[in-house]
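Residue 7 is where the sequence shown starts when you use this note's numbering, and the numbers rise one by one after that.
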Amino acid sequence: MFENLRQSLNDLMSRATKPEERRDALARMKDSLVQARLGVEDLRAGVVKARAQAEAERRELETVRRRKALAEGIHDQETVDLAAKYEGHHAERLEVLERKVEVQERELGLAERELDEMNAEFKRHAIGAVPPASTAGVTRDPLADDTGESAREAIDALGRERARADRDEEAERRLEALKRRMGKSP
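As structure tokens, this is what we get:
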């Protein structure tokens, strides 16, 4: 996921470049790190969603098994057969969802480790970057931009913006569904 950024960082630092070019490249890389962090957040959200799906499927399986047992208790063979069919369906789906959660958790762990490595590498290279002439000798946060806004603040703002857009989209979807149910929209 992050190989292009890592390769760019290594290329930049391995060749002799002007300090201004290095600063520009580091600024672009910082933006890429922000995007990578958002990608990791998306992976986290995917894991949460997959866990919720697996839990819902687990509850459905328990319900089907309970209904099957009740049907067996009253000797209703038709309901027992139907419940057995759905029990198999839900059990298979649960197995797939549990594997999905496991794979997504492993992918998230891998992405988090890569991101941590890239952050550490970026910071090492950023510390070695020459500051602009007007601030020579002044120690500066390597993840802060010219306005003083840190990368973490930018990530938080983007995350809030994304969450707000998701909430608005969900509200709009629910409103449309309600209108359809009430017969006010095609």
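Ideal Cβ positions, reconstructed from N, Cα and C, are used throughout, including at glycine.
Just the Cα atoms here: how many angstroms apart are residue i and residue j?
{"i": "Leu-39", "j": "Lys-55", "result": "24 Å"}
{"i": "Thr-141", "j": "Ala-132", "result": "For Thr-141, the predicted structure reports a pLDDT of 48, less than 50, and the residue's modelled location is therefore unreliable. The matter cannot be settled from this model."}
{"i": "Ala-117", "j": "Gly-52", "result": "13 Å"}
{"i": "Leu-184", "j": "Arg-173", "result": "16 Å"}
{"i": "Gln-41", "j": "Met-35", "result": "10 Å"}
{"i": "Asp-162", "j": "Glu-123", "result": "21 Å"}
{"i": "Ala-77", "j": "Met-188", "result": "37 Å"}
{"i": "Asp-30", "j": "Ala-126", "result": "19 Å"}
{"i": "Glu-178", "j": "Glu-111", "result": "31 Å"}
{"i": "Asp-37", "j": "Glu-26", "result": "17 Å"}
{"i": "Ala-75", "j": "Val-102", "result": "24 Å"}
{"i": "Lys-129", "j": "Gly-115", "result": "21 Å"}
{"i": "Gly-79", "j": "Glu-176", "result": "43 Å"}
{"i": "Asp-87", "j": "His-95", "result": "13 Å"}
{"i": "Val-136", "j": "Arg-28", "result": "Annotation note: pLDDT 45 at Val-136 (below 50); position unreliable, no value reported."}
{"i": "Arg-119", "j": "Leu-32", "result": "21 Å"}
{"i": "Arg-180", "j": "Arg-186", "result": "10 Å"}
{"i": "Ala-169", "j": "Thr-85", "result": "44 Å"}
{"i": "Arg-166", "j": "Ala-62", "result": "27 Å"}
{"i": "Ala-90", "j": "Gln-83", "result": "10 Å"}
{"i": "Glu-4", "j": "His-81", "result": "Any property of residue 4 remains undetermined from this structure, which presents the chain solely from 7 to 192."}
Taking 7 Å as the cut-off, decide whether the C-beta atoms of residue i and residue j are in contact.
{"i": "Leu-67", "j": "Ala-97", "result": "yes"}
{"i": "Val-70", "j": "Glu-93", "result": "yes"}
{"i": "Glu-104", "j": "Ala-171", "result": "no"}
{"i": "Leu-100", "j": "Arg-64", "result": "yes"}
{"i": "Val-46", "j": "Leu-164", "result": "no"}
Nearest by alpha-carbon distance to residue i: which of the options is it?
{"i": "Glu-159", "options": "Arg-29, Arg-43, Ala-58", "result": "Arg-43"}
{"i": "Arg-57", "options": "Ala-75, Ala-77, Val-109", "result": "Val-109"}
What residue ranges within the region 63-127 form continuous alpha helix (DSSP H) runs of no fewer than 4 residues, ordered along the chain? none
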